[in-house]
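Shown next, in structure tokens, is the structure this report addresses.
Number of protein chains: 2
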Amino acid sequence: MESINASIITIGDELLIGQVIDTNSAFIAQALNKIGVTVMNRIAVGDDATAIAAALDAAALKNNIVIITGGLGPTADDITKPLLNTYFGGKMVVHAPSLAHITHIFEQIHKRPMIDRNRKQAEVPDVCEVLFNEKGTAPGMLFKKNGVFFFSLPGVPHEMKWLTETQVVPIIQKNFVAHFIGHRTLLTAGIGESFLAELIAPFEQALPPSIKLAYLPKFGMVRLRLTASNKEEKALNQILDSQFESLKIAVAEYLVTDQDEPMEVVVGNLLKAKNHTVATAESCTGGYIGHLLSKHAGSSQFYTGGVISYDNRIKTEFLDVSPTILQTVGAVSQEAVEQMALAVRSKMGTDYAISVSGIMGPSGQTNEKPLGMVWIGVANKEKVVSKVFYLRFDRARNIEVTATQAINLLRLLIINKI
Amino acid sequence: MESINASIITIGDELLIGQVIDTNSAFIAQALNKIGVTVMNRIAVGDDATAIAAALDAAALKNNIVIITGGLGPTADDITKPLLNTYFGGKMVVHAPSLAHITHIFEQIHKRPMIDRNRKQAEVPDVCEVLFNEKGTAPGMLFKKNGVFFFSLPGVPHEMKWLTETQVVPIIQKNFVAHFIGHRTLLTAGIGESFLAELIAPFEQALPPSIKLAYLPKFGMVRLRLTASNKEEKALNQILDSQFESLKIAVAEYLVTDQDEPMEVVVGNLLKAKNHTVATAESCTGGYIGHLLSKHAGSSQFYTGGVISYDNRIKTEFLDVSPTILQTVGAVSQEAVEQMALAVRSKMGTDYAISVSGIMGPSGQTNEKPLGMVWIGVANKEKVVSKVFYLRFDRARNIEVTATQAINLLRLLIINKI
Numbered sequence: 133m134e135s136i137n138a139s140i141i142t143i144g145d146e147l148l149i150g151q152v153i154d155t156n157s158a159f160i161a162q163a164l165n166k167i168g169v170t171v172m173n174r175i176a177v178g179d180d181a182t183a184i185a186a187a188l189d190a191a192a193l194k195n196n197i198v199i200i201t202g203g204l205g206p207t208a209d210d211i212t213k214p215l216l217n218t219y220f221g222g223k224m225v226v227h228a229p230s231l232a233h234i235t236h237i238f239e240q241i242h243k244r245p246m247i248d249r250n251r252k253q254a255e256v257p258d259v260c261e262v263l264f265n266e267k268g269t270a271p272g273m274l275f276k277k278n279g280v281f282f283f284s285l286p287g288v289p290h291e292m293k294w295l296t297e298t299q300v301v302p303i304i305q306k307n308f309v310a311h312f313i314g315h316r317t318l319l320t321a322g323i324g325e326s327f328l329a330e331l332i333a334p335f336e337q338a339l340p341p342s343i344k345l346a347y348l349p350k351f352g353m354v355r356l357r358l359t360a361s362n363k364e365e366k367a368l369n370q371i372l373d374s375q376f377e378s379l380k381i382a383v384a385e386y387l388v389t390d391q392d393e394p395m396e397v398v399v400g401n402l403l404k405a406k407n408h409t410v411a412t413a414e415s416c417t418g419g420y421i422g423h424l425l426s427k428h429a430g431s432s433q434f435y436t437g438g439v440i441s442y443d444n445r446i447k448t449e450f451l452d453v454s455p456t457i458l459q460t461v462g463a464v465s466q467e468a469v470e471q472m473a474l475a476v477r478s479k480m481g482t483d484y485a486i487s488v489s490g491i492m493g494p495s496g497q498t499n500e501k502p503l504g505m506v507w508i509g510v511a512n513k514e515k516v517v518s519k520v521f522y523l524r525f526d527r528a529r530n531i532e533v534t535a536t537q538a539i540n541l542l543r544l545l546i547i548n549k550i
Numbered sequence: 133m134e135s136i137n138a139s140i141i142t143i144g145d146e147l148l149i150g151q152v153i154d155t156n157s158a159f160i161a162q163a164l165n166k167i168g169v170t171v172m173n174r175i176a177v178g179d180d181a182t183a184i185a186a187a188l189d190a191a192a193l194k195n196n197i198v199i200i201t202g203g204l205g206p207t208a209d210d211i212t213k214p215l216l217n218t219y220f221g222g223k224m225v226v227h228a229p230s231l232a233h234i235t236h237i238f239e240q241i242h243k244r245p246m247i248d249r250n251r252k253q254a255e256v257p258d259v260c261e262v263l264f265n266e267k268g269t270a271p272g273m274l275f276k277k278n279g280v281f282f283f284s285l286p287g288v289p290h291e292m293k294w295l296t297e298t299q300v301v302p303i304i305q306k307n308f309v310a311h312f313i314g315h316r317t318l319l320t321a322g323i324g325e326s327f328l329a330e331l332i333a334p335f336e337q338a339l340p341p342s343i344k345l346a347y348l349p350k351f352g353m354v355r356l357r358l359t360a361s362n363k364e365e366k367a368l369n370q371i372l373d374s375q376f377e378s379l380k381i382a383v384a385e386y387l388v389t390d391q392d393e394p395m396e397v398v399v400g401n402l403l404k405a406k407n408h409t410v411a412t413a414e415s416c417t418g419g420y421i422g423h424l425l426s427k428h429a430g431s432s433q434f435y436t437g438g439v440i441s442y443d444n445r446i447k448t449e450f451l452d453v454s455p456t457i458l459q460t461v462g463a464v465s466q467e468a469v470e471q472m473a474l475a476v477r478s479k480m481g482t483d484y485a486i487s488v489s490g491i492m493g494p495s496g497q498t499n500e501k502p503l504g505m506v507w508i509g510v511a512n513k514e515k516v517v518s519k520v521f522y523l524r525f526d527r528a529r530n531i532e533v534t535a536t537q538a539i540n541l542l543r544l545l546i547i548n549k550i
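Just so you know, the protein sequences line up as chains C and A, in that order. Be aware that the first sequence starts at 133, since it is given in the numbering used here, and climbs by one per residue. Be aware that the second sequence starts at 133, since it is given in the numbering used here, and climbs by one per residue.
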């Protein structure tokens, strides 16, 4: 069976000058991948008619499906719609259901009179099928040419996501008989990429050529992914499951989870399973650990709250870190983070606590305490455990790594590994 | 003067299945743009020799510069280096300075014996110039063919950034005489994209065709960007500055900043200028406002700390929200956020405070309080002001919009607009 191939084209000058980060492509790639469509490449082009047309030409040559996002807004720099109209040889007509929807949004929700510019968003090329956009004012569009399906979606992430899930995916499933693509992903912690590769070298060498193994290092941890494709879903799952079991055994000592999920979800699930709760005391991460713990739905079951003790005064007044500790060993110390963890756990009445204090950069180091030095503490009712890390990244990455390592340390405490 | 064009190729299956979000491209695009290089497109391809070679062929046809990132790691799925070796017709040789550096990293920093797999990272094609990678174990490489410069960089973000800034940019500046590209960006708040377009229609119509205007809506606010290029830097700045002044006057009522900087930096600068401080009391954002305020260097000058009162008990025990308020009007109410702001300001002894409480989804709504309903409060020593928002996004975006709108409300309080 032939593979069904797709290309994703994102449109916008802001992508080429680096002003925004493209998260839409990753979402679309995931959605296509799930239904067995192979994404061959992703291309970002500017708001430029020639470049967009060239990208469409190139994408149509080798793919069954082309997904285009961006450039459908109400302003003059949004050229995608007129360009697609010309490219596919149509003329612009008003789409009545979209016009009714846009009118509703402005008059009932925004409570503002609609202007001509908004009304124009309901116009579409007469050669497309309209993908009704319940979430916004720019309709999605589907063009077909020589058997290739071209989907045009707005660039606003939540509108693009809704259209992809409710319209694009069902249309592709109906029109293309795809083969099946499967992945199995696990997360390891506590071992570097090259040592992990040595550890699983026998597994990797014995892997059939039809299965790909990928190493995805991030935040000082390494994710491993197996990928295969097959025309039979059952055969695909059998071969993947069997290899994945061998891989899990090979990495057992370092295995965090055999799901493709972030560290904080692993820990959230551990806590929820036992009806346990956690509180946070953050200095250098400034609330980022709280954000990670609370960003997923259902987090109120285990995350009670926290104190962001960014200023040392807050460490003393809210977390009982003694001025003596701050004056002698300082805020970035084992004594300080252990006291912070104990205090926040006790005051918030939780089963567990996490605390961090460190020097994220670009300044703040001393002779004894280099940039990137961070103490992490975790506590339960029996004990408090702390560990020092020396990170060597920039401020943004130091914050991310600290937060992930702190949540991992809590995981080790929960499962009695420390 | 001809424009100097570049293409960015990112390599990795994880980009095509949507497992990771590509932030490298945006960084490289920004760096190139600053020195007058036009990024024509960005292409993501998988760990596949045919696809990578095809992308290299296509990129070389139309560009002076090709930047390749990813696929240089120590594991078998990292095929970029052998592929480039074949593509440019070289043979692999050991690069002595890189070997010494890698040996140092393993033996002195990681304190682990080096294995053969690590040693191989010091091998490079003999047809490239090595870009010494002080930050990691994979050397950068520069290949030249028919006047086109091909830079190969590791995909690890902090290594890629360091190599781009210290090696790639200087080499391009030395070898290509580029024209100058300039941008001017401002941020507006309180007006929708289409109404903003109406407001500045006279300005937009009078804009010379050589200057492009872009609308970049995000988090319920709209950024406007002017872009132009010119062979003379001085002429470029003159024409851009003059048009930018007109644009600023046209949007004066809604102008937040005339710099390309996020809302929290605007507010941080306002606070620093007066030596003022702020504290946060977050429920539904779970620490994200604290993270935004503290993620930039220098934030300890104005951010004192906060309480994450995720559980209602913490609102009562740490922020004095009365149980009566929680039982009658509830945690998502004007009364609750005003009390939270007053309490955190008073207890942390700051000049200002921000508080939020809302329903981020996907569940938690009631008959009176829909999903996306959020109360935001801000306080200084004279008063407390609160505002309700009804957001209609998913959980992740509701958290981001809430945080940005809360920081904007603080801005309006600081500048006496509320």
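Glycine included, every Cβ here is placed at the ideal spot set by N, Cα and C.
Bridge partners - residue i, DSSP secondary structure assignment
i	result
C:P257	C:M224
C:N407	Answer by DSSP bridge pairing: none, since C:N407 is not bridged.
C:E414	C:I440 and C:V488
C:M353	C:A321 and C:K350
C:G509	C:S487 and C:S518
Closest residue to residue i among the options (Cα-Cα distance)
i	options	result
A:R543	A:I332, A:I486 and A:G481	A:I486
A:S489	A:I371, A:M480, A:K513 and A:V461	A:V461
C:I237	C:A187, C:G268 and C:L339	C:G268
C:A360	C:K350, C:S374, C:L403 and C:V516	C:S374
A:K350	A:T536, A:D210 and A:K293	A:T536
A:Q391	A:T409, A:N444, A:T320 and A:L231	A:T320
A:I496	A:R527, A:S326 and A:M246	In the sequence as presented, Ile is not what sits at residue 496 of chain A; that position holds Gly. Taking only the C-alpha atoms, the option nearest A:G496 is A:R527.
Own chain residues within Cβ distance below 7 Å of residue i, not counting five before or after
i	result
A:G438	A411, T412, A413, E414, G422 and V476
C:E336	L345
C:A183	V177
C:E467	I457 and V461
Boundaries (first-last residue) of the beta strand (DSSP E) holding residue i
i	result
A:Y522	V516 to Y522
A:I143	I136 to I143
A:T534	Unbroken run through A:T534 is the alpha helix (DSSP H), R527 to I546; no beta strand (DSSP E).
A:N499	That residue, A:N499, is in no beta strand (DSSP E); it is neither H nor E in DSSP.
C:I175	V169 to V177
A:L285	V280 to L285
Same chain only: Cβ atoms within 8 Å of residue i, ignoring 5 sequence neighbours per side
i	result
A:M133	With a pLDDT of 44 at A:M133, under the threshold of 50, the predicted position of this residue should be treated as unreliable, and no value is reported.
C:A163	T296, E297, V300 and V301
C:I272	Reading off the sequence, residue 272 of chain C comes out as Gly, not Ile. V262, L263, F264, N265, F283, S284, L285, P286, L295, Q299 and V300.
A:K501	G462, V464 and I491
C:I547	L402
C:G484	Correcting the residue type first, residue 484 of chain C is Tyr in the shown sequence and not Gly. Excluding residues within five positions, the ones whose Cβ falls inside 8 Å are L403, H408, T409, V410, A411, R477, V510, A511, N512, L542, L545 and I546.
Range covered by the alpha helix (DSSP H) that runs through residue i
i	result
C:L204	Per DSSP, C:L204 belongs to no alpha helix (DSSP H) and is neither H nor E.
C:M246	That residue, C:M246, is in no alpha helix (DSSP H); it is neither H nor E in DSSP.
C:I303	V301 to N307
A:K277	Taken as a continuous stretch (DSSP letters only), A:K277 belongs to no alpha helix (DSSP H), being part of the beta strand (DSSP E) at G272 to K277.
C:T389	Unbroken run through C:T389 is the beta strand (DSSP E), L387 to T389; no alpha helix (DSSP H).
C:L164	N156 to K166
A:E377	E365 to A382
C:Q151	First-last for C:Q151: undefined, no H or E at that position.
C:N195	Note, C:N195: premise wrong, no alpha helix (DSSP H); not H, not E.
6 Å Cβ shell around residue i - same chain, five flanking residues per side excluded
i	result
A:N173	S139
A:V533	F351, G352 and L523
C:I539	M395, E396 and V399
| task | Assess, as a yes-or-no matter, whether the segment 282–302 of chain A is touched by the segment 197–210 of chain A under the definition of 3 or more beta carbon pairs within less than 8 Å. | result | yes
| message | Below 8 Å, how does it come out for the segment 223–234 of chain C and the segment 246–261 of chain C: are there three or more Cβ pairs, yes or no? | response | yes
| message | Assess contact between the segment 436–453 of chain A and the segment 513–520 of chain A, defined as three or more Cβ pairs (one per stretch) separated by less than 8 Å. Is contact present? | response | no
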